[in-house]
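Enquirer: In mature numbering (1 follows the signal peptide of the UniProt record, and there is no 0), the protein residues as written are -18 to -1, 1 to 437. If you scroll down you'll find the structure; I have some questions about it.
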């Protein structure tokens, strides 16, 4: 009897160990279905009009985390991808927390010029839990570890869309920490027949990967890289604003990657998103990571049973095709553009283009009014007047020339030479000539109204 009882207990222990610990206490039915079968966790969620998507998560330590990704109907799924692992690369640097310069809020930092480390975040599958958050379903898996940071992995599924988010949620106890991260999905086996993206001219391009395709940092439009399989496409992209740390210059710094041996640290083939540690080589603050605060290093994925261009069109809907939407009765305005068009082109002796590229770009973004921020570094805000007035006249002449009934380009500058701090303002009039002549140049839109005119 004792031998029988011992055998039963041993068998019970074996069954418990074979079953991964998945806590479902905080999961409730919100339209998504969650099932556990041994070490496979299945999440099926409504992803559109009469369509569903499904992810099989493998909690076996030695196996790829994402066993399969499927979309279609409950009775007829198409497998878009299989055997994928999320990967996160964390750069850890140090902030200069000078209270006189703003502490954690300081922009004028150059983190990349000080020693920093680049680390692959290690992932060990321990326990898992599922909780419902409104119309979303969140899977949490422990644990993540790297370079003084620890935390867990989260996968969030959104009812009504074939969209999901993968996040490394980590924190540190170390003070003055700055971070950047790259991320993506990798596979030991060939997962994609094509890799696709939109070039900066808004044209779809594709390449056929091979087993030896080395990693490439790719300049793309819409921040999206797409893997295409026989059955459909998977788009990988960052949060459109949250992912990008502040820089002076708005360059396309090749924010996506694909291929093997990324950074000589990730041997498997992958597709993903990336940051440029040196930015525009000016002020590079990276992101703050104060002690004991959760840092959510995340990226989005969108499933489609169609071609890459269809998947990309779905991604573009989240940002209105990267354009400002027209609002009846309102004008769409943006400001703070350091083009330095006057100093670098107009007054430099170079040919002045009839239709400058930056104007075309701003118009395509759906803007009606754009306020420049010239002479921020270049130019002569403090004079002498013989030069200063020439610069101002060129600014007003060019903005007037490039404006029409449907697009207003406002003359402006970011003056950091007076009053302390940085001031982004523009004057309503060009102050030369008589008051009557100045009034003819009056603009109809003002950010900061500064006028004093006497006869």
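Cβ coordinates follow ideal geometry from the N, Cα and C atoms, glycine included.
Do residue 180 and residue 294 come within 8 Å of each other at the CB atom, strictly closer than that value?
Expert: Yes, the pair counts as a contact, with Cβ atoms nearer than the cut-off.
Enquirer: Would you call the stretch 275 to 282 and the stretch 138 to 156 touching, i.e. three or more CB-CB distances under 8 Å?
Expert: Touching, yes.
Enquirer: When you compare the CB positions of residue 9 and residue 138, do they come within less than 8 Å of one another, or not?
Expert: The answer is no: Cβ separation not under 8 Å.
Enquirer: Any idea what DSSP makes of residue 435, helix, strand or coil?
Expert: Because the pLDDT of residue 435 is 33, which lies under 50, any placement of that residue in the model is unreliable, and the question is left without a value.
Enquirer: Can we say the stretch 204 to 223 touches the stretch 236 to 243, given the rule of at least three CB pairs closer than 8 Å?
Expert: Yes, the stretch 204 to 223 is in contact with the stretch 236 to 243.
Enquirer: Does DSSP put residue 414 in a helix, in a strand, or in coil?
Expert: Its pLDDT being 49, under 50, residue 414 is placed unreliably by the model, and nothing is read from it.
Enquirer: For residue 265, collect the residues of the same chain with a Cβ closer than 7 Å to its Cβ; drop the 5 residues on either side in sequence, then sort them by chain order.
Expert: Contacts found: 89, 90, 91, 92, 230.
Enquirer: What does the Cβ neighbour count give for residue 381, buried or exposed, with the cut at 16 atoms within 10 Å?
Expert: With 16 or more other Cβ atoms within 10 Å, it is buried.
Enquirer: Any idea what DSSP makes of residue 378, helix, strand or coil?
Expert: In the structure shown, residue 378 sits in a helix (DSSP, three-state: H, G or I).
Enquirer: Of the residues 161, 56, 205, which one's Cα is nearest the Cα of residue 96?
Expert: The residue with the shortest Cα to Cα distance from residue 96 is 161.
Enquirer: What are the partner residues of residue 179, as DSSP defines its beta bridges?
Expert: Answer by DSSP bridge pairing, in chain order: 187.
Enquirer: Which residue wins for smallest C-alpha separation from residue 65, given the options 56, 252, 57, 151?
Expert: Comparing Cα-Cα distances from residue 65 to each of 56, 252, 57, 151, the minimum goes to 252.
Enquirer: Can you name the start and end residues of the alpha helix (DSSP H) that residue 345 belongs to?
Expert: 339 to 346 is the extent of the alpha helix (DSSP H) around residue 345.
Enquirer: Would residue 52 and residue 39 qualify as a contact pair, given that the criterion is a beta-carbon distance under 8 Å?
Expert: No, they are not a contact pair.
Enquirer: Let me know the secondary structure DSSP gives residue 87 once reduced to three states.
Expert: It is helical.
Enquirer: Please classify residue 210: does DSSP put it in a helix, a strand, or coil?
Expert: Three-state result, residue 210: strand.
Enquirer: Where does residue 256 sit, in a helix, a strand or coil, going by DSSP?
Expert: Residue 256 falls in the coil class under three-state DSSP.
Enquirer: Assign residue -2 to one of two classes, buried (16 or more other C-beta atoms within 10 Å of its C-beta) or exposed (fewer than that).
Expert: Bear in mind that the predicted position of residue -2 carries a pLDDT of just 39, short of 50, making it too unreliable to give a figure here.
Enquirer: Near residue 244, which residues of its chain fall below 7 Å by C-beta distance, leaving aside the five closest residues on each side in sequence?
Expert: Only 197, 252 meet the Cβ criterion.
Enquirer: Helix, strand or coil: which one does DSSP assign to residue 301?
Expert: Residue 301 falls in the helix class under three-state DSSP.
Enquirer: Pull the bridge partners of residue 217 from the DSSP assignment, please.
Expert: Its beta-bridge partners are 208, 284.
Enquirer: Please look up how many angstroms separate the CB atoms of residue 157 and residue 213, rounded, as I've assumed it's under 8 Å.
Expert: At roughly 49 Å, the Cβ-Cβ gap does not stay under 8 Å, so residue 157 and residue 213 are not in contact.
Enquirer: Quick one: Cα of residue 63 to Cα of residue 173, how far?
Expert: Straight-line Cα distance between these residues: approximately 7 Å.
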